[in-house]
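Student: Under this note's numbering, the first residue of the sequence shown carries the number 7, and numbering increases by one thereafter. Ideal Cβ placement from N, Cα and C applies to all residues, glycine included. Everything numeric in this text was worked out from a predicted model, so none of it was measured. Got a structure for you, questions after.
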Amino acid sequence: MSLASLNRPLRMGIVGGGSDAFIGKVHRVAAQLDGKIRLVAGALSIDPQVAVQSGKDLFLDPKRVYLNYQDMLAAEVALPADERVDFVSVVTPDDTHVPISIAFLEKGFSIFCEKPVSVTLDDAHKLRDTVRKTGRAFAIMHGYTGYPLVRHARTLVRGGKLGKIYKIIAEYPQDWILPRGDAPLHLAGWRMDPKFGKSLSMGDIGIHAAQLARFITGLDIEAVNADLQTYTPGGRRDDDGNVLIRYKGGAHGILYASQVSAGEENGLTIRIYGEKGGIEWHQEQPNSLLLKTQGAPTQILTPAQPYLDPSARISRMPTGHPEGLIEAFANLYRDFAEDVAAVQQGGTVSTDHIYPDIDDAVFGKTFVEYATRSNESSEKWLPFPAI
Ligand SMILES: NC(=O)c1ccc[n+]([C@@H]2O[C@H](COP(=O)([O-])OP(=O)(O)OC[C@H]3O[C@@H](n4cnc5c(N)ncnc54)[C@H](O)[C@@H]3O)[C@@H](O)[C@H]2O)c1
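This is the structure:
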């Protein structure tokens, strides 16, 4: 059972993502990129005026522009099945993800949720129980896993091209917290509030680096040892951190995430070295994957090439036409849509899907939690639980 057999575009609802939002706009654009998903309803903002105006700007039916997610849920459930939304994207601040997702899942809707999935690890587990109980599709947005060359790297590493993995170095430096004259701290606001968890460095971006390493290598973490710090004067969440990681099977890792690395914009980078070779990928140059071999010139792999693994041949344009984050998000939505369509036809979620799911969501929250605990512990090396 697929989107083709459903034979219609999916109907998308969104919570958040109004004109006052950062990432929700990217979701709206990316989900609809291939014409197989249509946004038809939303509780687009916490601010009623913004919600209404955003709905107008998007030409949504005014009856389906809601002022809060509770009204949206009640109204959508009351609609005939062939009108109501098939799934809901939850693109609000972190503390709202679990209550909104559980409310919609319980009424039969699938969910595409932003990361981190929750503020507490207990809530992440509670949400996983609900996803399992309801059997709906659930995806968590780690957009970087949607890039073709990240998917090719995954096939190379998991397929043994690098041999036994020795070292994984994942970095995520930014500098947006540093004062910058009269430029707005566009990401500040709720992110600076400790009610969202003690660690901003790991909770906001280290989580992406940890998930990228997991996505490419498939290796489980055995133990973590973290050193997190706060450079922002008066800052109430850490804004810089280093984590040493021991992986099961013998690989060792270094993960660094920081919002105070001057001159860095969104520098997610991963380097992986094994006994036979290495790979290197930079999010700011996503259309190049470096493949390294001892004693030989480094190869630069590019998207849309026939030499890529089938899982990576997902480009919409021919070689030499740069792809970016919107396409990467769209690739995840395209995969997720197949599972939503299957569920809507009485089927089940695929077991071999490539998009990050509820287990990855629990992994991300577990990583943030254990890095935070290790930072505060005199033992330092903390065993990492099974996901
Ligand atoms: N995957 C990524 O690469 C990525 C990037 C940025 C942000 N994020 C995550 O996305 C989420 C949103 O981050 P952001 O930077 O876009 O935040 P933001 O503050 O820019 O936008 C939040 C949006 O949610 C709305 N909102 C807040 N509470 C709401 C509620 N109860 N009901 C309906 N709407 C509500 C706001 O009005 C706004 O439209 C966060 O969880 C963040 O961690 C992920």
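Using a Cβ-Cβ cut-off of 6 Å (strictly less than) and excluding sequence neighbours within five positions of valine 355, which residues of its own chain qualify?
Tutor: Taking the sequence shown and counting its residues from 1, one reaches residue 355 at position 349. Around valine 355: Ala143 and Asp345.
Student: Tell me whether asparagine 74, by its Cβ, gets closer than 7 Å to a heavy atom of ligand 1.
Tutor: Position 68 of the sequence shown, counting from 1, holds the residue named residue 74. At least one heavy atom of ligand 1 is nearer than 7 Å to the Cβ of asparagine 74, so yes.
Student: Report the option in Lys201, Phe221, Tyr262 and Asp245 whose CA atom is closest to the CA atom of threonine 102.
Tutor: Locating residue 102 in the sequence shown gives position 96, counting from the first residue. Closest option to threonine 102, Cα to Cα, is Lys201.
Student: DSSP on proline 389, reduced to helix/strand/coil?
Tutor: For the purposes of this step, residue 389 is identified with residue 383 of the sequence shown, where counting begins at 1. Here proline 389 sits in strand by DSSP.
Student: Using a 10 Å radius around the Cβ and a threshold of 16 neighbouring Cβ atoms, would you call threonine 126 buried or exposed?
Tutor: Numbered from 1 along the sequence shown, position 120 holds the residue referred to as residue 126. With fewer than 16 Cβ atoms within 10 Å of its Cβ, threonine 126 is classed as exposed.
Student: Give the single residue among Pro303, Pro389, Asp365 and Val94 whose Cα lies nearest to the Cα of alanine 130.
Tutor: As a working mapping, residue 130 is identified with position 124 in the sequence shown. Asp365 is the residue among Pro303, Pro389, Asp365 and Val94 whose C-alpha sits nearest the C-alpha of alanine 130.
Student: With DSSP as the reference, label aspartate 358 as helix, strand or coil.
Tutor: Taking the sequence shown and counting its residues from 1, the one referred to as residue 358 is at position 352. Correct three-state label for aspartate 358: coil.
Student: Restricting to Cα atoms, I'd like to know which of Arg242, Asp67 and Gly48 is closest to methionine 198.
Tutor: Residue 198 sits at position 192 when you count from the first residue of the sequence shown. With distances taken between Cα atoms, methionine 198 lies closest to Arg242.
Student: Output needed for lysine 282: all residues of its chain with C-beta closer than 6 Å, excluding positions within five of it in sequence on either side, in chain order.
Tutor: Sequence index remark: in the sequence shown, residue 282 carries index 276 (1-based). These residues qualify, in order along the chain: Leu168 and Gly169.
Student: I want to check one thing, is the minimum distance from the CB of isoleucine 29 to the heavy atoms of ligand 1 below 7 Å?
Tutor: Counting from one through the sequence shown, the residue named residue 29 turns up at place 23. With a cutoff of 7 Å, isoleucine 29 counts as near ligand 1, since its C-beta is closer than that to a heavy atom of the ligand.
Student: Which residue from Gly284, Asp315, Pro292 and Pro309 puts its Cα closest to that of alanine 302?
Tutor: As a position in the sequence shown, residue 302 is number 296, starting the count at 1. Out of Gly284, Asp315, Pro292 and Pro309, Gly284 has the C-alpha closest to the C-alpha of alanine 302.
Student: So does threonine 238 have its beta carbon nearer than 7 Å to some heavy atom of ligand 1?
Tutor: Taking the sequence shown and counting its residues from 1, one reaches residue 238 at position 232. Threonine 238: no, Cβ never under 7 Å from ligand 1.
Student: Please confirm whether any heavy atom of ligand 1 lies closer than 7 Å to the CB of glycine 22.
Tutor: Walking along the sequence shown from the start, residue 22 turns up at place 16. Yes, since a heavy atom of ligand 1 falls inside the 7 Å radius drawn around the Cβ of glycine 22.
Student: Can you grab the Cα-Cα spacing for the pair aspartate 77 / valine 21, in whole Å?
Tutor: Taking the sequence shown and counting its residues from 1, the one referred to as residue 77 is at position 71. Taking the sequence shown and counting its residues from 1, the one referred to as residue 21 is at position 15. Rounded to the nearest angstrom, the two C-alpha atoms are 11 Å apart.
Student: Measuring alpha carbon to alpha carbon, tell me which of Tyr376, Ser383 and Glu382 ends up nearest glycine 393.
Tutor: Position 387 of the sequence shown, counted from the first residue, corresponds to residue 393. The sequence shown places isoleucine at residue 393, rather than the glycine named in the question. Nearest option by C-alpha distance: Tyr376.
Student: Report the option in Gln235, His158 and Tyr237 whose CA atom is closest to the CA atom of leucine 314.
Tutor: For the purposes of this step, residue 314 is taken as the residue at position 308 of the sequence shown. If we check each option's Cα against that of leucine 314, His158 comes out closest.
Student: Going by C-alpha distance, which of Ala36, Gly23, Gln38 and Ile43 is nearest valine 58?
Tutor: Position 52 of the sequence shown holds residue 58. Of the listed residues, the one whose Cα sits closest to valine 58 is Gly23.
Student: As a quick exercise: from Thr136, Ile43 and Ile52, pick the residue whose alpha carbon is nearest that of alanine 27.
Tutor: By 1-based counting over the sequence shown, the position of residue 27 is 21. If we check each option's Cα against that of alanine 27, Ile52 comes out closest.
Student: CB-CB under 8 Å to proline 389, same chain, minus the five flanking residues each way: which ones, in chain order?
Tutor: If you number the sequence shown from 1, residue 389 lands on position 383. Only Glu228 and Ala229 meet the Cβ criterion.
Student: Is it right to say serine 383 is buried, meaning 16 or more other beta carbons lie within 10 angstroms of its own, or is it exposed?
Tutor: The residue labelled residue 383 in the question sits at position 377 within the sequence shown. Exposed, because fewer than 16 other Cβ atoms sit within 10 Å of the Cβ of serine 383.
Student: Within this structure, are the beta carbons of tyrosine 178 and alanine 263 separated by less than 8 Å?
Tutor: Taking the sequence shown and counting its residues from 1, the one referred to as residue 178 is at position 172. Taking the sequence shown and counting its residues from 1, the one referred to as residue 263 is at position 257. In contact: tyrosine 178 and alanine 263 (Cβ atoms closer than 8 Å).
Student: Shorter than 7 Å, the distance from the beta carbon of glycine 273 to the closest heavy atom of ligand 1, or not?
Tutor: In the sequence shown, counting from the first residue as 1, residue 273 sits at position 267. Glycine 273 Cβ: outside cutoff for every heavy atom of ligand 1.
Student: Can you give me the Cβ contacts of proline 154 inside the same chain, cut-off strictly under 6 Å, excluding the 5 residues immediately before and after it?
Tutor: The count along the sequence shown starts at 1 and reaches residue 154 at position 148. Only Pro309, Ala318, Ile320 and Ser321 meet the Cβ criterion.
Student: Would you say the beta carbon of proline 362 is closer than 7 Å to some non-hydrogen atom of ligand 1?
Tutor: Taking the first residue of the sequence shown as position 1, residue 362 is located at position 356. Checking the Cβ of proline 362 against ligand 1 gives no.
Student: Can you give the beta carbon distance from leucine 12 to alanine 334, rounded, assuming they're within the 8 Å contact cut?
Tutor: On the sequence shown, position 6 is the one that residue 12 refers to. On the sequence shown, position 328 is the one that residue 334 refers to. Actually they are not in contact, since the Cβ atoms of leucine 12 and alanine 334 sit about 24 Å apart, beyond 8 Å.
Student: Grouping DSSP H, G and I as helix and E and B as strand, with all else coil, what is phenylalanine 28?
Tutor: Position 22 of the sequence shown holds residue 28. Correct three-state label for phenylalanine 28: coil.
Student: Can you tell me whether proline 105 is helix, strand or coil according to DSSP?
Tutor: Position 99 of the sequence shown, counted from the first residue, corresponds to residue 105. In the three-state reduction of the DSSP assignment, proline 105 falls in the helix class.
Student: So aspartate 246 and tyrosine 237 are supposed to be a Cβ contact under 8 Å. How far apart are they, rounded?
Tutor: Walking along the sequence shown from the start, residue 246 turns up at place 240. Walking along the sequence shown from the start, residue 237 turns up at place 231. Sure, about 6 Å apart at Cβ, within 8 Å.
Student: Tyrosine 178 bridges to which residues according to DSSP?
Tutor: The count along the sequence shown starts at 1 and reaches residue 178 at position 172. DSSP, once it has assigned bridges, lists Ala263 as partnering tyrosine 178.
Student: If valine 123 and lysine 371 are in contact, beta carbons under 8 Å, what's the gap, nearest whole angstrom?
Tutor: Here the question's residue 123 lines up with position 117 in the sequence shown. Here the question's residue 371 lines up with position 365 in the sequence shown. 6 Å between Cβ atoms; contact.
Student: Taking only the alpha-carbon atoms, compute the straight-line gap between serine 8 and alanine 343 and give it to the nearest angstrom.
Tutor: Start at 1 with the first residue of the sequence shown, and residue 8 comes out as number 2. Start at 1 with the first residue of the sequence shown, and residue 343 comes out as number 337. Their backbone Cα atoms lie some 9 Å apart in a straight line.
Student: Could you check what DSSP says for leucine 9 in three-state terms: helix, strand or coil?
Tutor: Walking along the sequence shown from the start, residue 9 turns up at place 3. Helix.
Student: Entirely within the segment 73–155 and at least 4 residues each: give me those alpha helix (DSSP H) ranges in chain order.
Tutor: Along the length of the segment 73–155, whole alpha helix (DSSP H) runs at least 4 residues long occupy 75–84, 103–112 and 127–140, reported in chain order.
Student: Does the distance from the CB of histidine 214 to the CB of leucine 307 come in under 8 Å?
Tutor: As a first step, residue 214 must be located in the sequence shown, where it is residue number 208. As a first step, residue 307 must be located in the sequence shown, where it is residue number 301. In this structure, leucine 307 does not lie closer than 8 Å to histidine 214 by Cβ.
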